[in-house]
Amino acid sequence: MVAAPVLLANVQTAVDTRHHLIVAHEVTNQDHDRGQLSSMAGQARDAIDSPTLTVLADRGYFKGEEILKCEQWGIKTLVPKPQTSGNKAAGLFDKADFRYIPSKNEYRCPAGERAIWRFTTVEDGLTIHKYWSSACSRCALKAKCTTSENRRITRWEHEGVLESMQRRLKRTPQAPRVRRQTVEHPFGTLKAWMGATHFLTKT
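Note that the sequence shown covers residues 149 to 351 in our numbering.
Structure (structure tokens):
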């Protein structure tokens, strides 16, 4: 028996929302989309020769470094954050329940206590700030917050870029539908041309 190498092919496309034309495409051997956002966004901007660009992508493209790179290039992004919170799944407060106060560089927890900056570390090449409150041990809401001594909150040094993007998403609730109608359509058309017409539905 001869073992043959397995090659992965992941096709990336960027589609113009106005004309529904593929303006950039690329085939990669990455089995996920997380590292493809800035590359495809840059190619799309060059292809349409536009000084401004807003990119809509699904959750699979969410990666802080990629979103930051787009921001530095002047490309606005609309990428929903993946819903992978272990705390939320366990019925505990999610990080979104803690409000960041930029002027004080601290968080306000659901109980109204201050979670202050404690130290900064580097994890996987990213500069991360750590925050927690000293009031956790006597907090009436602790059972809904953490099973540890303190509820620790982490914040990436460029977290503000992600927060700005999430605010844009809230102001643009139609973005996910526009993305689906735009970028998924060419793939469906190509598959239909190739004979993959197993199901055709109107809804």
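We treat Cβ as the ideally placed atom computed from N, Cα and C, and that holds for glycine.
C-alpha distance - residue i paired with residue j, whole-angstrom precision
i, j, result
"THR320", "MET342", "35 Å"
"GLY308", "CYS218", "14 Å"
"VAL163", "LEU216", "21 Å"
"ASP194", "VAL326", "22 Å"
"THR200", "GLN191", "13 Å"
"THR330", "LYS243", "32 Å"
"PRO334", "PHE246", "41 Å"
"SER187", "SER296", "40 Å"
"GLY336", "ILE196", "23 Å"
"MET149", "GLU332", "Per-residue confidence for MET149 stands at a pLDDT of 47, beneath the threshold of 50, marking its modelled position as unreliable; the derived number appears in the next sentence. When rounded, the distance between both Cα atoms is 39 Å."
"GLN231", "SER198", "33 Å"
"ALA344", "SER285", "59 Å"
C-beta neighbour in chain C for residue i, strict 8 Å
i, result
"GLN220", "Among the chains of the structure shown, chain C does not appear; only one protein chain is present."
Counterpart residues of residue i in DSSP-defined beta bridges
i, result
"ILE276", "THR269 and TRP304"
"GLU254", "ILE249 and ILE264"
"ILE223", "LEU201"
Closest residue to residue i among the options (Cα-Cα distance)
i, options, result
"ALA205", "ARG266, ASP245 and LYS229", "LYS229"
"TRP265", "VAL159, ILE249 and MET188", "ILE249"
"HIS306", "THR275, VAL175 and ALA288", "THR275"
"ARG166", "GLU311, THR202, THR269 and SER233", "THR202"
"LEU289", "GLY239, TRP304 and GLU311", "GLY239"
"TRP304", "LYS236, PHE267 and VAL175", "PHE267"
"SER282", "ALA340, ASN298, ALA291 and GLN220", "ASN298"
Residue i and residue j closer than 8 Å at C-beta
i, j, result
"ARG300", "LYS318", "no"
"GLU254", "ARG262", "yes"
"ALA259", "CYS287", "yes"
"LEU226", "ARG328", "no"
"ILE223", "ALA172", "no"
"CYS293", "PHE210", "no"
"HIS180", "GLY208", "yes"
"GLU214", "LEU185", "yes"
Every unbroken alpha helix (DSSP H) inside the stretch 158-200 [4 residues or more]: 185-196
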